[in-house]
Every structure is written in structure tokens, then in C-alpha cells.
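Residue numbers (the UniProt record's numbering): 1 to 79.
C-beta atoms are modelled at their ideal positions from N, C-alpha and C, and glycine is treated no differently.
Because the structure is a prediction, the values reported are computed rather than measured.
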């Protein structure tokens with residue numbers, strides 16, 4: 001299992017609802033959530049090891065949102 005972390009501009013619950021169907025299309029995803037209180041509107045994904053982060057970025061971009069993977073070390077974001 002991998003944990004992927006992304007910076008986004010998904011800033012409210014209505015935005016989360018609009019990306020929900022797009023994230024559900026990615027069958028490698030086990031769980032996902034947004035931290036809307038974080039200034040970078042973090043998207044955290046637990047997924048099977050074969051999920052390419054670029055795929056997530058592309059899906060959110062196609063839905064009209066910014067999404068950039070944050071580099072991680074053992075599931076912990078590197079600042």
C-alpha cells in the first residue's frame with residue numbers, strides 16, 4: 001500500500017463533491033480525503049502500489065482543479 005499526498009485548490013465541500021466521481025474512477029484508490037483546513041488543501045490517498053501520482057494529477061486537472069504531488073518519505077511529507 002502507498003500513501004500519496006497532493007497539494008490542491010479543492011477548497012470546499014462542494015468542490016470535494018465535484019471531484020468525488022473522478023476519484024472513484026481510479027480503482028487503485030483504497031481511501032482518500034481532503035484536509036480543507038490546511039492552507040494547501042491537502043489530498044491524502046491510500047492506494048495499491050501501482051497508482052501513478054500523475055494519473056491523480058491528470059484526473060483533478062481534467063476536472064478543473066490544481067493538483068501537485070508532494071514528495072514523501074515513508075508516507076511523511078518532506079518540507
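| Asked | Found |
| --- | --- |
| Cα-Cα, which of 69, 30, 62 is closest to residue 18? | 62 |
| Does the Cβ of residue 66 have 16 or more other Cβ atoms within 10 Å, making it buried, or fewer, making it exposed? | exposed |
| Taking the beta carbon of residue 51 as the centre, do at least 16 other beta carbons fall within 10 Å, making it buried, or is it exposed? | buried |
| Would DSSP call residue 69 helix, strand or coil? | strand |
| Expressed to the nearest angstrom, what Euclidean distance is found between the alpha-carbon atoms of residue 37 and residue 11? | 9 Å |
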